[in-house]
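*Asks:*
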Amino acid sequence: MYDEMVVHFALTQKISPDELMGFMDSEEINNAPALRYFRRIRELQELPEQERKAILKTLDDLIRANS
Numbered sequence: 002m003y004d005e006m007v008v009h010f011a012l013t014q015k016i017s018p019d020e021l022m023g024f025m026d027s028e029e030i031n032n033a034p035a036l037r038y039f040r041r042i043r044e045l046q047e048l049p050e051q052e053r054k055a056i057l058k059t060l061d062d063l064i065r066a067n068s
């Protein structure tokens, strides 16, 4: 199968491509970080270092305050 076909079929079945291909079971997938977080991290890496540090500090503070 082509990669695009796998992704499309997985989306229509409301499962991940990994689950469709048998690489992960449902429980592992439910515990895996969402792809949108990885996209945001990638965008964060593109920011200037000073802005990146400020965002990470804010994130750390929010996590600590809500833990």
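Heads up, the sequence shown is in our numbering, so the first residue is 2 and it goes up one at a time.
Beta carbons are placed, not taken as given, at the ideal position from N, Cα and C, and that holds for glycine.
Closer than 7 Å by C-beta to Leu45: which residues in its own chain qualify, once you throw out the five before and the five after it? Chain order, please.
*Replies:* The answer, listed in chain order, is Arg53, Ile56.
*Asks:* If you follow the alpha helix (DSSP H) that Pro18 is in, where does it begin and where does it stop?
*Replies:* 18 to 22
*Asks:* How many Å lie between Asp19 and Arg43 at the Cα?
*Replies:* 21 Å
*Asks:* Applying the criterion that 16 or more other CB atoms from any shown protein chain within 10 Å of the CB defines a buried residue, is Arg40 buried or exposed?
*Replies:* Arg40 sits exposed, since fewer than 16 C-beta atoms from the chains shown fall within 10 Å of its C-beta.
*Asks:* Reducing DSSP to helix, strand and coil, say where Leu12 ends up.
*Replies:* helix
*Asks:* In three-state DSSP terms, what is Ala35?
*Replies:* coil
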